[in-house]
Ligand SMILES: Cc1cc2nc3c(=O)[nH]c(=O)nc-3n(C[C@H](O)[C@H](O)[C@H](O)COP(=O)(O)OP(=O)(O)OC[C@H]3O[C@@H](n4cnc5c(N)ncnc54)[C@H](O)[C@@H]3O)c2cc1C
């Protein structure tokens, strides 16, 4: 890899964010006559779709987080820095960071992703467990194990809700997490802690809308509710969480749930830094981009992934915030910049639909394609596995995931259910 201090006559492409979008863009610039600089606040790429599997011990940390330097090491024209972006100045074409000198660019790739939105819920920022980063997932896993160890030592705390988990949000993140926690409880922890009565450990999924999975067709919504209920998840729709404390969750109806764990999977919004671009924002802090994924009046600035509102040319719908949208938009931006540097015309972005999907538990999943086709059950689980394996950044990661998933499928084994705290 090159150093970003190199003074070179080649154009500099600055990639902000090492998520699906940023890595996709940087990898497509491998052979471009450019200096590519990728900056992320972490030194790893996070595979967000599998965070819930890390939180419930199904996968290990290194199957979900992958070194960015490793992903880009075969690119002589690319430098990676670990630093936090603090502002972007579109007029001077300069980006500022917390612990890195400002960097100017000829082309900018803005792929800083989304962040949690607590919608102002009292106590959520302090006490909820969000599910957006590797440390979030690790913290939830450690907390769940810690509560079970505590209940094993002193069963009287179970009555106070020590083992109860409230999951907020009936979208894929909430449903996948609730299903996985229930399976962790009923299969792994019930054997790990034979002295603890698992029936007393409740997993409650709270959704403000009238049904789970608002983005899916009604038959998939019904399927999800049935599959969760079979897995002992209590589904509460039409309920809103109004406040959270370390041991209690209060619903808007006034009901108080005893629970030492509240997982927040209810909402996200584009990274706060989109505001520093000074451009009009769409719903959820997203930026509307043109067919070539650039912003108005700035053909040198590509906005991608979760932070972009990309209108699909075929369906005229805004594409959902998905890994495949982020990866494909990143790859397209990388190719476009490489074409422009080579003096060629840009091509419009065309999304290849891989389906919107969610896992509910072992043998239970749902898939829906943009044109309306759906799948459920084992078939959907296989489709889910295929799409997610393809999204994983390396063959090594794919192999790790397959081994752990196979172990879990045959034996309910959860290899990652250990806590590695301080000595
Ligand atoms: C829990 C969960 C489950 C999901 N499940 C699925 C699924 O099953 N299938 C699917 O297709 N999609 C799923 N998604 C959505 C998918 O993960 C996202 O659409 C995708 O990660 C977006 O990619 P991105 O590159 O835009 O952003 P991200 O992947 O979020 O990457 C953004 C990067 O920017 C970095 N960053 C942020 N702020 C700063 C800063 N100030 N300075 C420096 N770096 C910064 C972050 O560290 C991160 O590496 C899920 C998302 C979540 C949260």
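In this note's numbering, the protein residues as written are 3 to 425.
All C-beta atoms, glycine included, are put in the ideal place defined by N, C-alpha and C.
Three-state secondary structure assigned by DSSP to residue 272: strand
For residue 283 and residue 1, the rounded distance between their alpha carbons: Lying outside 3 to 425, the shown extent of the chain, residue 1 is not represented and no answer is given.
As assigned by DSSP and simplified to three states, the class of residue 293: coil
Residue 175 beta carbon near ligand 1 (any heavy atom closer than 7 Å): Checking every heavy atom of ligand 1 against the Cβ of residue 175, one is found closer than 7 Å.
Continuous beta strand (DSSP E) stretch holding residue 54: start and end: Careful: residue 54 lies outside any beta strand (DSSP E), inside the alpha helix (DSSP H) at 53–57.
Beta-ladder partner(s) of residue 304, from DSSP: 111, 296
Reduced DSSP secondary structure (H/G/I, E/B, other) of residue 260: strand
Top-ranked residue by Cα proximity to residue 134, from 118, 126, 143, 127: Relative to the Cα of residue 134, the nearest Cα in the group 118, 126, 143, 127 belongs to 118.
Contacts around residue 83, its chain only, beta-carbon distance under 6 Å, and the 5 residues preceding and following it disregarded: 41, 102
Cα-Cα separation between residue 421 and residue 126, rounded to whole angstroms: 24 Å
Cβ-based neighbour list, residue 317, same chain, cut-off 7 Å, excluding 5 preceding and 5 following: 372
Proximal residues to residue 107 (C-beta, below 6 Å), its chain only, five neighbours per side dropped: 14, 16, 95
Local conformation of residue 319 per DSSP, three classes: coil
Given 8 Å, three or more beta-carbon pairs between the stretch 330–350 and the stretch 302–310: Yes, they touch.
As assigned by DSSP and simplified to three states, the class of residue 29: helix
Simplified DSSP state of residue 363, which is helix, strand or coil: strand
Near ligand 1: residue 308 beta-carbon under 7 Å from a heavy atom: yes
Residues near residue 365 by beta carbon distance below 7 Å, same chain, minus five either side: 379, 380, 383
Environment of residue 405 [buried if 16+ CB atoms lie within 10 Å]: exposed
Whole alpha helix (DSSP H) elements within the stretch 172–214, 4-residue minimum: 174–185
Segment contact, 8 Å Cβ cut-off, at least three pairs: the stretch 148–165 with the stretch 237–247: no
Coarse secondary structure for residue 370, derived from DSSP in three states: If DSSP states are grouped into helix, strand and coil, residue 370 belongs with the strands.
Residue 81 versus residue 72: straight-line alpha-carbon distance, rounded: 11 Å
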